[in-house]
Amino acid sequence: MSSSEWYIPEDRFFVPEPTQRSLAKELYSTVQSLPIVSPHGHVDPRLFTGEADSFGTPADLLIIPDHYVFRMLYSQGVSLEALGIPRQDGGVVEKDHRKIWQIFADHFYLFRGTPTGIWLTYELAKIFKVKTKLTSQTAQAIYDELEEKMKLPDYQPRRLFDLMNIEVLCTTDSATDTLEAHKIIKNSGWKGDIRPTFRPDAVVNIDTENWLGNIHLLEKVSGISIGSYRTFITALESRRVFFKSMGAVATDHAVLTPFTAEMSEKDAEEIFQRALRGNVSQDDCVKFSAHMLIEMARMSLEDGLVMQIHPGAYRNHNEQVFQKFGRDKGADIPIATEYTRNLLPLLKKYGNEPKLSIVLFTLDETNYARELAPLAGHYPVLKLGAPWWFHDSLNGMQRYFDQVMETAGIYNTVGFTDDTRAFPSIPARHDVWRRASCNWVAGLIARGMVDLDDGREIVADLAYHLAKIAYHLP
Amino acid sequence: MSSSEWYIPEDRFFVPEPTQRSLAKELYSTVQSLPIVSPHGHVDPRLFTGEADSFGTPADLLIIPDHYVFRMLYSQGVSLEALGIPRQDGGVVEKDHRKIWQIFADHFYLFRGTPTGIWLTYELAKIFKVKTKLTSQTAQAIYDELEEKMKLPDYQPRRLFDLMNIEVLCTTDSATDTLEAHKIIKNSGWKGDIRPTFRPDAVVNIDTENWLGNIHLLEKVSGISIGSYRTFITALESRRVFFKSMGAVATDHAVLTPFTAEMSEKDAEEIFQRALRGNVSQDDCVKFSAHMLIEMARMSLEDGLVMQIHPGAYRNHNEQVFQKFGRDKGADIPIATEYTRNLLPLLKKYGNEPKLSIVLFTLDETNYARELAPLAGHYPVLKLGAPWWFHDSLNGMQRYFDQVMETAGIYNTVGFTDDTRAFPSIPARHDVWRRASCNWVAGLIARGMVDLDDGREIVADLAYHLAKIAYHLP
Amino acid sequence: MSSSEWYIPEDRFFVPEPTQRSLAKELYSTVQSLPIVSPHGHVDPRLFTGEADSFGTPADLLIIPDHYVFRMLYSQGVSLEALGIPRQDGGVVEKDHRKIWQIFADHFYLFRGTPTGIWLTYELAKIFKVKTKLTSQTAQAIYDELEEKMKLPDYQPRRLFDLMNIEVLCTTDSATDTLEAHKIIKNSGWKGDIRPTFRPDAVVNIDTENWLGNIHLLEKVSGISIGSYRTFITALESRRVFFKSMGAVATDHAVLTPFTAEMSEKDAEEIFQRALRGNVSQDDCVKFSAHMLIEMARMSLEDGLVMQIHPGAYRNHNEQVFQKFGRDKGADIPIATEYTRNLLPLLKKYGNEPKLSIVLFTLDETNYARELAPLAGHYPVLKLGAPWWFHDSLNGMQRYFDQVMETAGIYNTVGFTDDTRAFPSIPARHDVWRRASCNWVAGLIARGMVDLDDGREIVADLAYHLAKIAYHLP
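Residue numbers (this note's numbering), protein chains in the order written: chain W, 29 to 502; chain F, 29 to 502; chain X, 29 to 502.
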């Protein structure tokens with residue numbers, strides 16, 4: 029290779045050792061072209077409402093909406109204003125996207141050895157077919173090239189969706205969302221299978237900023253007047269019916285901890301009334317969230333929506349960044365998480381229900397072998413989600429395979445979840461997963477632990493089937 | 029290989045890279061045939077009381093008593109009743125062992141890549157010399173074959189014990205056990221070396237179900253009337269004398285946390301009296317257990333029994349399964365464990381005693397490099413037990429070697445402990461350990477960290493000598 | 029090799045797989061001879077005050093001052109007295125250094141596979157050019173050889189400093205230290221660049237033994253009468269000015285936890301007054317240390333000294349050893365550490381300051397991927413220190429690379445810190461780091477993640493440039 033070109037070899041991510049590598053290649057050839065199933069993520073459905081929708085500029089596509097990218101530059105002293113990140117107060121930020129792109133290129137070396145670097149390289153080299161490596165010198169020429177290509181029909185969102193071979197894409201939507209974009213897509217005649225996911229955090233966590241406003245919105249969209257805990261539950265149930273009618277297969281719950289604890293309806297009502305009066309304690313909030321997780325499991329048992337729990341992120345850790353730029357700006361930091369005792373009340377009530385399915389994620393890898401794999405290897409309702417967020421990386425996947433599978437078993441996991449906001453990174457992320465899993469299974473075969481026939485089935489399960497089964501996708 | 033046969037290659041579990049693999053093979057050839065020393069486990073000694081004892085049906089041998097096996101099927105929706113697991117209430121469970129075996133075979137794919145899959149494969153392919161892989165199709169023919177072979181003299185427990193080349197096997201026995209089976213074995217003239225281990229959990233943890241009944245039993249077997257803390261201690265000491273006389277070399281303590289704290293005799297007496305009256309608080313229980321760990325260390329210092337501590341399992345996590353089927357049904361889940369502060373009081377009192385030996389185990393691997401290796405690398409009384417339970421696996425062993433040895437040193441570890449209830453899995457488990465340790469040491473040699481002469485000594489120490497030394501076995 | 033010679037192959041520490049190994053060798057050849065930058069450690073500057081200073085006997089050089097060495101022998105039952113470790117009460121300890129050396133040689137097998145074994149081997153084989161492996165048999169002959177060589181001019185400390193190609197060496201010095209040795213070195217005309225580091229633990233942590241004595245010393249060396257919190261702060265600031273004038277580039281803070289919390293000046297004053305009266309609570313101590321970390325960050329922002337935080341060691345865990353032999357005797361044991369919430373107050377105040385630099389270390393590797401990498405990958409002020417203490421090892425480095433780099437990025441780390449008291453181990457330790465990092469980067473290249481040009485830059489950054497940049501070294 030010449031160092032001025034991208035280094036993206038055909039056999040990337042496989043170990044160099046020839047026996048395992050050759051097995052990995054053989055396995056990969058069997059899953060490389062399987063359709064992409066993306067059961068959880070944050071792509072904006074509005075991208076797909078029209079034939080001619082576009083991604084904007086290269087900076088709009090790859091930098092400004094992607095906190096994986098700009099957090100790294102920020103950590104090295106680049107201001108978010110210089111990268112065009114909109115300020116909450118409408119203050120001045122860089123508007124010249126060529127300048128933003130140049131800063132990005134000047135700092136592209138920061139992504140060496142990172143998953144973000146791998147995804148960006150894939151997007152530029154494979155999706156946009158840019159030949160030269162991004163550097164300070166090549167920045168503007170590549171900008172020109174991207175701008176040009178992004179005007180072509182093949183780079184419109186719907187067309188890319190098809191070219192990427194996406195079979196189904198699930199978005200994440202607030203409980204109060206009216207799913208207008210999803211309706212437009214459904215009615216458009218386009219065949220892309222895009223489904224909403226029911227995420228009620230902003231109404232079930234009573235310490236959410238502007239919670240009362242969210243409740244008013246919930247009243248409006250559900251048509252149910254919410255004066256009590258009971259009517260609140262009814263409104264949530266009615267929204268779940270609506271989401272299911274729009275194709276939803278799952279719910280999603282982002283909580284600080286997976287603490288669960290049931291309250292009597294009377295106690296729940298009292299806290300709910302205090303919340304309506306804007307007069308809740310920290311203790312009220314913790315108890316109410318813990319109770320609502322059990323209540324949500326009850327609803328999932330009844331309506332069949334798969335329940336996803338994403339705990340352990342301390343959100344908006346950097347108050348100054350939060351005040352200026354709002355949430356999701358790369359300042360969410362994981363905390364140590366406990367599942368064995370926290371989930372006990374929920375599992376005591378519903379852990380043995382054959383019809384309930386709960387997918388657990390973690391940002392604290394110490395739980396893989398210690399708590400999550402033993403839990404999933406016993407309870408019928410539990411499955412383990414893919415390595416998440418900071419752990420959606422080659423090493424993160426390898427640790428997941430090594431620490432989860434021996435105890436949980438492969439069939440208590442759910443395949444891959446890309447969880448991305450960056451639409452063009454989807455094939456890049458699934459490709460990393462497929463290569464990493466083929467490499468892992470090749471290692472099992474090379475060390476005499478599974479035979480090649482079993483190995484072929486496993487990689488297809490990990491790439492495609494497990495996700496479809498776990499999320500009840502057609 | 030044909031995919032209808034077992035895939036159990038001669039060089040299994042070694043890395044494919046030829047330099048390291050060839051060293052691993054060479055090292056393995058030097059330890060492969062060493063006798064098995066099994067200083068801690070849960071095999072039922074009654075298997076060995078007679079010449080003609082048998083294992084029952086294939087399901088009796090491999091499924092019904094093994095929670096490693098049935099938990100995995102349960103996690104995927106198979107009921108424990110369908111697997112013939114006896115109900116506490118005597119309710120109906122499957123009695124047709126051929127049906128149970130068929131369900132097991134139908135779900136055998138769940139064990140792909142798991143240690144249970146490895147052990148079962150070894151037992152079927154190597155011990156019972158079954159040629160074909162277990163599948164839905166081959167299930168009944170393999171059942172026939174096993175049934176036939178299990179009638180042969182070579183498959184009777186004592187004969188298998190000898191064929192497996194077991195030098196010594198330690199069982200785990202309640203403090204109130206009269207060790208009848210051990211007596212029969214001793215008096216039978218058979219040369220098999222089977223020793224009891226003193227496990228007083230059910231009498232020293234005052235929150236044990238039916239604790240008072242256990243105390244009455246302790247009175248009966250010790251011949252000591254237990255009306256006070258002092259007489260309780262005397263009774264325990266007398267049982268230790270008895271266990272030693274029956275060949276015991278160690279004690280075993282399963283605790284939720286390794287919290288230790290000494291009480292005055294007066295305080296201990298007060299709690300003990302409350303316990304006799306059935307009137308203890310949660311705080312009493314925690315304090316008494318913490319005190320008894322120190323008291324047990326005192327006794328070990330005096331009588332030389334090696335003290336094993338197995339903390340960190342939240343027992344019977346699934347209340348519904350516990351109520352129906354009792355303990356040890358695959359529903360024990362690990363919790364995060366702390367040693368540095370918890371062990372401080374015990375170590376302050378006895379940590380520098382040259383004659384005391386304490387073996388620490390963990391279900392929380394985060395302690396390997398952070399707390400356990402530094403503790404064992406300093407305190408004369410401490411040694412680290414083998415990777416335990418969920419971590420008794422190829423990856424678990426690799427993590428143990430990688431995270432423990434650099435800081436603790438190899439000679440503060442105790443070799444391998446199979447800790448199994450499944451007698452025929454013993455050689456399978458020791459074989460995994462020997463292969464994993466040879467593979468690890470081969471890596472050390474290949475990377476220039478130890479020379480081949482040292483490597484040969486290390487693998488023999490890990491396979492055989494360390495266990496004998498640590499447990500004071502003759 | 030013959031087993032009677034050291035096994036220290038040229039390509040040690042690289043994986044055996046030929047592709048990666050060959051890349052690792054190529055990368056290593058580009059960094060092997062770079063000068064050593066040692067921005068943090070505990071070498072005694074008095075070694076370098078004169079031309080003809082000497083290291084004493086072989087036992088003085090390699091055993092008696094090195095708690096990494098004697099803790100391991102102690103853990104196996106060798107008394108510290110037998111190893112010549114001085115007792116606090118002046119009690120009898122072994123004075124015959126040949127006898128001490130023989131015990132060390134008899135137990136040298138304990139260091140198989142440990143970093144201490146690697147360093148000692150390097151020192152004996154590469155620095156002292158001893159050919160034969162240390163064993164019980166060769167002990168006395170090697171002692172003779174070392175004694176002979178240590179008289180030669182090339183083995184005097186200053187000469188070794190130059191031969192080892194050390195560009196800069198930072199020591200660690202109490203806030204009350206008058207830096208006499210540093211003055212003598214500076215004025216001696218010798219060109220060795222040895223710098224102090226400001227470590228104020230003994231005066232900012234009010235629970236330090238003899239804290240009031242330390243405050244009196246601080247008064248004396250600063251010339252400032254300390255009757256109040258305000259004058260205390262002024263005295264600290266004046267010492268920092270002095271340390272800077274002596275070449276200091278950094279401060280160092282050893283804390284049990286990284287808990288930070290600001291107090292009002294009034295509250296700080298009240299606690300400080302109680303401390304002066306010798307009347308503080310545990311709560312006072314925790315709060316004052318938490319406050320002082322923020323205050324130290326404020327000073328670092330003002331004077332530009334890089335702030336190092338080393339949390340998580342439970343010091344002097346073995347009280348009996350502490351009473352007899354004092355601190356730093358191998359009895360410091362890590363505890364679980366939390367950063368996300370503990371650092372929040374400090375980061376809220378100073379986390380976005382472009383001129384402040386804080387380097388975080390940990391003894392709890394669970395923080396690498398969970399808290400430290402996400403924090404460093406976002407906050408401009410944070411960088412991650414090298415794998416520390418028990419984790420300064422081949423596996424520790426591999427885990428650091430694998431768990432930190434994907435999320436933090438290489439450029440939020442600071443290269444290597446040897447942190448050693450054992451001067452002759454410095455090149456051994458840096459060599460391990462350089463080989464480990466070349467091996468890691470070779471793996472990135474072999475798996476198609478970075479190209480060779482980038483790889484070459486990364487290994488030079490890790491070996492040399494990152495430390496210079498992070499510590500503002502000229």
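All residues carry an ideal CB built from backbone N, CA and C; glycine is no exception.
- The CB of Ala289(W) never comes closer than 8 Å to any CB in chain F; the least such distance is about 15 Å.
- Rounded to whole angstroms, the gap between the alpha carbons of Lys357(W) and Phe98(W) is 8 Å.
- In the DSSP annotation of this structure, Asp482(F) is not part of any beta strand (DSSP E); the continuous alpha helix (DSSP H) holding it starts and ends at 480 to 488.
- About 5 Å separates the beta carbons of Val487(F) and Val469(F), which is inside the 8 Å limit, making them a contact pair.
- Comparing alpha carbon positions, the residue from Val349(X), Asp134(X), Gly332(X), Arg258(X) closest to Met320(X) is Arg258(X).
- Residue pairing of Lys411(F) in beta bridges, as defined by DSSP: Val387(F).
- Taking 8 Å as the CB threshold, Asn423(W) stays off the interface with chain F.
- Membership of Thr435(W) in the alpha helix (DSSP H) is indicated by the continuous run 422 to 436.
- Chain F places a beta carbon closer than 8 Å to that of Ile36(X), counting this residue as a contact.
- Inclusion of Asn346(F) and Tyr407(W) in the CB contact set at 8 Å is warranted, their separation being smaller than that value.
- In the DSSP assignment, Thr279(F) falls within the beta strand (DSSP E) that extends over 278 to 283.
- One finds nothing in chain W with a Cβ atom closer than 7 Å to the Cβ of Leu321(X); even the nearest lies about 17 Å away.
- The bridge partners DSSP lists for Glu293(W) come to none.
- Under DSSP, the beta-bridge partners assigned to Leu197(F) are Ser66(F), Ile222(F).
- Listed in chain order, the alpha helix (DSSP H) runs fully inside the stretch 329 to 363 of chain F are 347 to 353, counting runs of at least 4 residues.
- Listed by position along chain F, the residues whose Cβ is nearer than 9 Å to that of Glu330(X) form an empty set, because the closest Cβ is around 35 Å away.
- Note that the C-beta distance between Phe42(F) and Arg463(F) is below 8 Å.
- Taking all protein chains in view, the Cβ of Glu151(X) is crowded by 16 or more other Cβ atoms within 10 Å, so the residue is classified as buried.
- What Met100(W) touches in chain X, judged by beta-carbon distance under 7 Å, is Gly405, Gly437, going in chain order.
- Note: Glu122(F) is not bridge-paired with any residue in the DSSP secondary-structure output.
- Fewer than three Cβ pairs drawn from the stretch 181 to 188 of chain X and the stretch 50 to 61 of chain X lie within less than 8 Å of each other, which leaves the two stretches out of contact.
- The shortest CA-to-CA distance from Ile92(W) to any of Ser465(W), Ala450(W), Arg305(W) is the one to Ala450(W).
- Remark: C-beta atoms of Ile36(F) and Ala153(F) approach each other more closely than 8 Å.
- Ser103(X) sits away from Asp134(X), with the two beta carbons spaced by 8 Å or more.
- Under the DSSP definition of a beta bridge, Ser202(X) partners with Arg227(X).
- Of the candidates Pro114(W), Asp88(W), Leu62(W), Asp88(W) places its Cα closest to the Cα of Arg126(W).
- Here Gly437(F) really is in contact with Met100(X); their C-beta atoms are around 6 Å apart, less than 8 Å.
- The Cβ of Leu472(W) sits closer than 8 Å to at least one Cβ of chain F.
- Distance from the CA atom of Glu45(W) to the CA atom of His338(F), rounded to whole angstroms, is 39 Å.
- In the structure shown, the three-state DSSP call for Thr160(W) is strand.
- With contacts defined by Cβ atoms closer than 8 Å, Phe76(X) and Gly217(X) do not form a contacting pair.
- Exposed is the label assigned to Val120(F), since fewer than 16 other Cβ atoms lie within 10 Å of its Cβ.
- Asp446(X) has a beta carbon lying at 8 Å or more from every beta carbon in chain F.
- Contacts with chain F (Cβ-Cβ distance below 8 Å) from the stretch 383 to 417 of chain X involve Leu391, Asp392, Glu393, Thr394, listed in chain order.
- Each residue's CA atom was taken as its position, placing Gln336(X) and Gly251(X) some 27 Å apart.
- In the structure shown, Glu33(X) falls within a strand segment according to DSSP collapsed to helix, strand and coil.
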